[in-house]
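Enquirer: The sequence shown finishes on residue 163 if you use the numbering used here, and the numbering steps up by one all the way, no holes.
Virtual Cβ for every residue (Gly too), placed ideally from N, Cα, C.
To start, I am sharing the structure in question, which I have written as structure tokens.
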Amino acid sequence: MQRQRLVLITLLCFTNFLVAQRSIEKTLEKLNKESVPYITVAELQQQDSLIILDTRELEEYKVSHLKNAIWVGYDNFDSHQLKLQDKNQKIVVYCSIGVRSENIGEKLLANGYSNVQNLYGGIFKWVEEDLPVYDSEENRTENVHVFSKYWGKLLTKGNKIIN
1 MQRQRLVLIT LLCFTNFLVA QRSIEKTLEK LNKESVPYIT VAELQQQDSL IILDTRELEE
61 YKVSHLKNAI WVGYDNFDSH QLKLQDKNQK IVVYCSIGVR SENIGEKLLA NGYSNVQNLY
121 GGIFKWVEED LPVYDSEENR TENVHVFSKY WGKLLTKGNK IIN
């Protein structure tokens, strides 16, 4: 019995160690295909005259989003609803870290949008760079919806919110 407890405690400690070793970079490397070109936080800050699309769910967007981001969602996303006149307009998509936004970026590219980039590290990387995010009333906030406890482990700054 004592040996089983020791094994269990060791296993739990090792699991916590592995979770702590996860990073946005390693997660993106594992989950993304890089089918949509990345744009870094630093590069995005230098840009103007572009469209920023938030591809998270509405509850996440309401908690916090990048300034001037347009919510388009994920589960019910329809690129035909964008109705942009210029399909060459620069578009940056983002989500929590860049996984869902890559999928939405692929849909945009498939529908003829030619200048689509995925924000590397998403809103998590943005917040980690101490850049501002805004709530549904357009007030600056420290809150970030982390989607789930699992994804929340990747955010190192800000107030983690899970609904």
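For Lys74, I'd like the list of residues in its chain whose CB is within less than 8 Å of its CB, leaving aside the five on either flank, ordered along the chain.
Expert: Checking the displayed sequence, the identity of residue 74 turns out to be Tyr instead of Lys. Closer than 8 Å at Cβ, skipping near neighbours: Thr55, Arg56, Glu57, Cys95, Arg100, Asn103 and Ile104.
Enquirer: Okay, do the segment 28 to 48 and the segment 115 to 125 touch, 3+ Cβ pairs below 8 Å being the bar?
Expert: yes
Enquirer: Contact check, Val127 vs Gly158 under 8 Å by CB: the rounded distance?
Expert: 5 Å
Enquirer: Determine the contact status of Ile123 and Leu31, defining contact as a CB-CB distance below 8 Å.
Expert: no
Enquirer: Let's see if you can read the secondary structure: which residues bound the beta strand (DSSP E) around Ile165?
Expert: Residue 165 lies beyond the residue range present for the chain, which begins at 1 and ends at 163; the question has no answer from this structure.
Enquirer: Hey, could you find the ends of the beta strand (DSSP E) Val92 is sitting in?
Expert: Taken as a continuous stretch (DSSP letters only), the beta strand (DSSP E) holding Val92 covers Ile91 to Tyr94.
Enquirer: At what residue ranges does the segment 65 to 142 contain a whole run of the beta strand (DSSP E), taking only runs of 3 or more?
Expert: 91 to 94 and 116 to 119
Enquirer: Starting from Ile39, follow its DSSP beta bridges and name the residues at the other end.
Expert: Leu119
Enquirer: Suppose the cutoff is 6 Å on Cβ atoms and the five residues either side in sequence are ignored; what does the same chain contact list for Lys107 look like?
Expert: Ser79
Enquirer: With distance defined between alpha-carbon atoms, name the residue in Glu129, Asp135, Val133 and Ile91 nearest to Asn115.
Expert: Ile91
Enquirer: Grab the span of the alpha helix (DSSP H) containing Ile161 for me, first residue to last.
Expert: Here Ile161 belongs to no alpha helix (DSSP H); instead the beta strand (DSSP E) covers Asn159 to Ile161.
Enquirer: When the Cα atoms are used, what is the spatial distance from Lys87 to Gly112?
Expert: 7 Å
Enquirer: With a threshold of 16 other CB atoms inside 10 Å of the CB of Lys149, please say whether the residue is buried or exposed.
Expert: exposed
Enquirer: With distances taken between CB atoms, is the gap from Phe147 to Glu34 smaller than 8 Å?
Expert: For Phe147 and Glu34, no; Cβs fall outside 8 Å.
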